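These protein sequences, in sequence, are chains V and B.
Here the first sequence is numbered in this note's numbering, starting from 1 and rising by one per residue.
Here the second sequence is numbered in this note's numbering, starting from 1 and rising by one per residue.
Think of the CB as a built atom: it goes at the ideal place given N, C-alpha and C, for glycine as much as any other residue.
Here the structure is a predicted model, which is why all the values come from computation and not from measurement.
There are 2 protein chains.
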Amino acid sequence: MAIVRQSKKRDAMLALLRGTDQHPSAEQVYRALKPDYPDLSLATVYRNLAQLCEQGLALRVGTVNGQERYDGHTRPHSHFICNRCGRVADLPRLSPGEGCVERLGVQYGFTAERCEFVIRGLCKGCEDF
Amino acid sequence: MAIVRQSKKRDAMLALLRGTDQHPSAEQVYRALKPDYPDLSLATVYRNLAQLCEQGLALRVGTVNGQERYDGHTRPHSHFICNRCGRVADLPRLSPGEGCVERLGVQYGFTAERCEFVIRGLCKGCEDF
DNA sequence: AGCTTAATAGGAATCATTCCTGTTAAGGAT
DNA sequence: ATCCTTAACAGGAATGATTCCTATTAAGCT
Numbered sequence: 001m002a003i004v005r006q007s008k009k010r011d012a013m014l015a016l017l018r019g020t021d022q023h024p025s026a027e028q029v030y031r032a033l034k035p036d037y038p039d040l041s042l043a044t045v046y047r048n049l050a051q052l053c054e055q056g057l058a059l060r061v062g063t064v065n066g067q068e069r070y071d072g073h074t075r076p077h078s079h080f081i082c083n084r085c086g087r088v089a090d091l092p093r094l095s096p097g098e099g100c101v102e103r104l105g106v107q108y109g110f111t112a113e114r115c116e117f118v119i120r121g122l123c124k125g126c127e128d129f
Numbered sequence: 001m002a003i004v005r006q007s008k009k010r011d012a013m014l015a016l017l018r019g020t021d022q023h024p025s026a027e028q029v030y031r032a033l034k035p036d037y038p039d040l041s042l043a044t045v046y047r048n049l050a051q052l053c054e055q056g057l058a059l060r061v062g063t064v065n066g067q068e069r070y071d072g073h074t075r076p077h078s079h080f081i082c083n084r085c086g087r088v089a090d091l092p093r094l095s096p097g098e099g100c101v102e103r104l105g106v107q108y109g110f111t112a113e114r115c116e117f118v119i120r121g122l123c124k125g126c127e128d129f
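Laid out in structure tokens, this is it:
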């Protein structure tokens, strides 16, 4: 990987991701920072989100309504996604058991880099139409 | 939901999904069936995949390289996705514990419709570049 | 056989994401 | 402090998966 230089905009993006539990999309990050960085480009948002993910500073949570959602909190935890409103909420860490993933890796022939446990359904507000 | 009529093409799609463990994309379904159904349209593939998912006869496994992957096997199980070659493999059911999801639903205010446990990493063939 | 409307083809439209080109600016080297 | 290399960037074009639209066909009841 090439050298990573300091970048005001990327720093702001990471700060934004770390300061919210909303799991914003690229578009939402763009709109949130545009006022402070009027010449911010959407391409820059995508490029920096990809880089933050590569560096392990952010995570792709999953696709909601065709848009990827991002999380700046990298401590192991799980997510709930509302199928109606698209809200993404944090859940405590859910694991399939100690050493389970490692055993499966041996058995099925893979090395795990990451595990995601995602619950999809309806949130409180969306249950009653 | 509207009445569901018989459809040769949709039947063929479901049979294809049920007869493979490859978790094909819409494009792959299209290419697999095009020889037998020369006038098959990609729009029809997308429409029927969506309908099969609504009916609970198929599942969206997740996005790999920007393309959604589909699974015709609906018995609870998990998936491994290779980050390099994009292969999607079945794993046995992995659950976070009996009644766990229900408890979380009560605690965090949601009703779960589905749970996915996905492991991402490198498969055997891709490990050694 | 007639009727309602789901299913369809084919092509246009949408829209998230990536690519491209020229420019700017980190930050190490001189 | 100035020079140099190249990462970061804007802005806009390109890509590509998916959805939408319109006219046509065909399930499958009556």
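Straight-line Cα distance separating residue j from residue i
| i | j | result |
| --- | --- | --- |
| ARG120(V) | ASP36(B) | 36 Å |
| ASN83(V) | VAL45(V) | 26 Å |
| LEU17(V) | HIS79(B) | 28 Å |
| ARG5(B) | THR74(B) | 22 Å |
| GLU116(V) | GLY105(V) | 15 Å |
| LEU49(B) | CYS53(V) | 31 Å |
| PRO76(B) | GLU127(V) | 24 Å |
| MET13(V) | LYS9(B) | 46 Å |
| PRO92(V) | SER95(B) | 14 Å |
| GLY109(V) | ASP71(B) | 21 Å |
| LEU65(B) | ARG87(B) | For the record, residue 65(B) in the displayed sequence is Asn; it is not Leu. Distance between the alpha carbons of ASN65(B) and ARG87(B): 11 Å. |
| THR111(V) | GLU102(V) | 8 Å |
| ASP90(B) | VAL118(B) | 10 Å |
| LEU42(V) | SER25(B) | 28 Å |
| GLY19(V) | ARG114(B) | 29 Å |
| HIS23(B) | GLY125(V) | 33 Å |
| VAL29(B) | GLN107(V) | 29 Å |
| ALA32(B) | CYS85(V) | 35 Å |
| GLN51(B) | ALA2(B) | 11 Å |
| ASP21(V) | LYS34(B) | 45 Å |
| GLY97(V) | ASP11(V) | 36 Å |
| ARG60(V) | ARG60(B) | 17 Å |
Three-state class that DSSP yields for residue i in the structure shown
| i | result |
| --- | --- |
| GLU27(V) | helix |
| ALA52(V) | Note that residue 52(V) corresponds to Leu in the displayed sequence, not to Ala. LEU52(V): helix per DSSP, three-state reduction. |
| ASP130(B) | Examination of residue 130(B) is not possible in this model, given that chain B is present from 1 through 129 alone. |
| GLN67(B) | strand |
| VAL4(V) | coil |
| ARG47(B) | helix |
| GLY109(B) | coil |
| LEU42(B) | helix |
| ARG87(V) | coil |
| GLY121(V) | strand |
| GLU127(V) | helix |
| GLU116(B) | strand |
| LEU94(V) | coil |
| ARG18(B) | helix |
| LEU59(B) | strand |
Per-residue burial, residue i [other beta carbons within 10 Å of its own, 16 or more giving buried]
| i | result |
| --- | --- |
| ALA58(V) | buried |
| ASP39(V) | exposed |
| CYS123(B) | buried |
| ARG145(B) | The question about residue 145(B) has no answer, for chain B in this structure spans 1 to 129. |
| ARG69(V) | buried |
| SER7(B) | exposed |
| ALA15(V) | exposed |
Inter-residue CB distance, residue i and residue j (contact presumed, cutoff 8 Å)
| i | j | result |
| --- | --- | --- |
| ILE81(B) | GLY99(B) | Actually they are not in contact, since the Cβ atoms of ILE81(B) and GLY99(B) sit about 28 Å apart, beyond 8 Å. |
| GLN67(V) | GLU27(V) | 7 Å |
Can you give me, in chain order, the residues of the stretch 46 to 68 of chain B that have a beta carbon less than 7 Å from any beta carbon in chain V? Close to chain V, meaning a Cβ-Cβ distance shorter than 7 Å, are the following residues of the stretch 46 to 68 of chain B: THR63.
Chain B contacts from the stretch 76 to 87 of chain V (Cβ-Cβ distance under 9 Å): Those residues of the stretch 76 to 87 of chain V that come within reach of chain B (Cβ to Cβ, closer than 9 Å) are SER78, PHE80, CYS82, ASN83.
Chain-ordered residues of the stretch 102 to 114 of chain V with a beta carbon less than 8 Å from chain B: Legend: CB atoms of the stretch 102 to 114 of chain V lying less than 8 Å from CB atoms of chain B belong to residues LEU104, GLY105, TYR108, GLY109, PHE110, THR111, ALA112, GLU113, ARG114.
Residues of the stretch 9 to 27 of chain B in Cβ contact with chain V at a cutoff of 9 Å, in chain order, please. Cβ contacts with chain V come from no residue of the stretch 9 to 27 of chain B.
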